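Chemist: Following this message is one structure expressed as structure tokens.
Written out as structure tokens, the structure reads:
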């Protein structure tokens with residue numbers, strides 16, 4: 006079993022839709038949760054960083070963490086064609102510095 | 047305010063040659079991480095370094111791969127005697143401290159012929 010599971014997609018939605026991206030993880034020692042966005046042939050760019058269970062909002066993006074279920078989500082409201090990218094969840098343990106990534110979900114927002 | 051810089055951006059090597067990938071961290075960052083991204087896979091951690099020290103190399107293949115982060119100059123990821131399976135995108139990230147946010151560079155795409 007992988008430490009972090011993420012549906013690779015692709016996920017295609019019309020412009021303006023609400024997008025839901027999800028990851029599950031197996032190790033309860035993971036404490037820090039991140040979402041990165043990666044455009045084709047570019048480096049990952051940090052979108053959201055959360056520590057505790059609950060919601061964190063930043064503009065059109067909301068990150069949600071449920072530690073009891075080992076489940077994290079990223080919601081994108083009013084999706085735009087410029088949101089078309091691969092979204093990677095990344096998780097880190099309390100004392101470790103390395104990030105463990107999901108495989109990424111490829112999102113396509115169509116006009 | 048330059049971000050993480052990596053060079054070269056593209057590198058082509060023949061089997062058996064050596065590949066050297068360079069990473070200059072963000073200004074003020076002294077922690078460097080290397081990750082590898084194989085086609086259709088997520089990023090996999092390779093090694094974590096601070097200046098002149100390897101902190102965690104649990105993701106490094108046992109043979110042919112080495113990394114350094116000298117007191118002066120960029121961090122270097124070195125792959126000796128490359129094989130086709132080494133073809134991948136190699137990303138460097140840096141942070142200001144252990145556990146702090148990691149910022150990624152644009153990556154080096156290695157192709158082994």
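Protein chains in written order, with this note's numbering: chain A, 6 to 116; chain B, 47 to 159. Even for Gly, the Cβ is constructed at its ideal location relative to N, Cα and C. Just so you know, these numbers come straight off a predicted model, no measurement behind them.
1) Mapping DSSP to helix, strand and coil, what is residue 13 of chain A?
2) Taking the continuous beta strand (DSSP E) assigned at residue 25 of chain A, which residues delimit it?
3) Can you find the residues in the same chain that come closer than 6 Å, C-beta to C-beta, to residue 54 of chain A, ignoring five residues on each side of it along the sequence?
4) Can you find a CB in chain B that lies within less than 8 Å of the CB of residue 54 of chain A?
5) Do the CB positions of residue 136 of chain B and residue 67 of chain B come within less than 8 Å of each other?
6) Since residue 116 of chain B and residue 52 of chain B should fall inside the 8 Å C-beta cutoff, what is the C-beta to C-beta distance between them, to a whole number of angstroms?
7) Thinking C-alpha only, which one of A:45, A:107, A:81 is nearest residue 62 of chain A?
8) What residues from chain B crowd round residue 58 of chain A, counting only those whose CB sits closer than 8 Å?
9) For a quick check, are the C-beta atoms of residue 52 of chain A and residue 42 of chain A less than 8 Å apart?
10) Where does residue 98 of chain A fall in DSSP's three states?
11) Can you name the residues of chain A whose CB is closer than 8 Å to the CB of residue 123 of chain B?
12) Which value, in whole angstroms, describes the spacing of the CA atoms of residue 76 of chain A and residue 84 of chain B?
Modeler: Walking through what the data contain:
1) coil
2) 24-30
3) 39
4) yes
5) yes
6) Rounded, the Cβ-Cβ distance is 17 Å, inconsistent with contact.
7) A:81
8) Those within 8 Å of residue 58 of chain A in chain B number zero; the least Cβ separation is about 19 Å.
9) yes
10) strand
11) The contacting residues do not exist; residue 123 of chain B stays about 15 Å from chain A at best.
12) 25 Å
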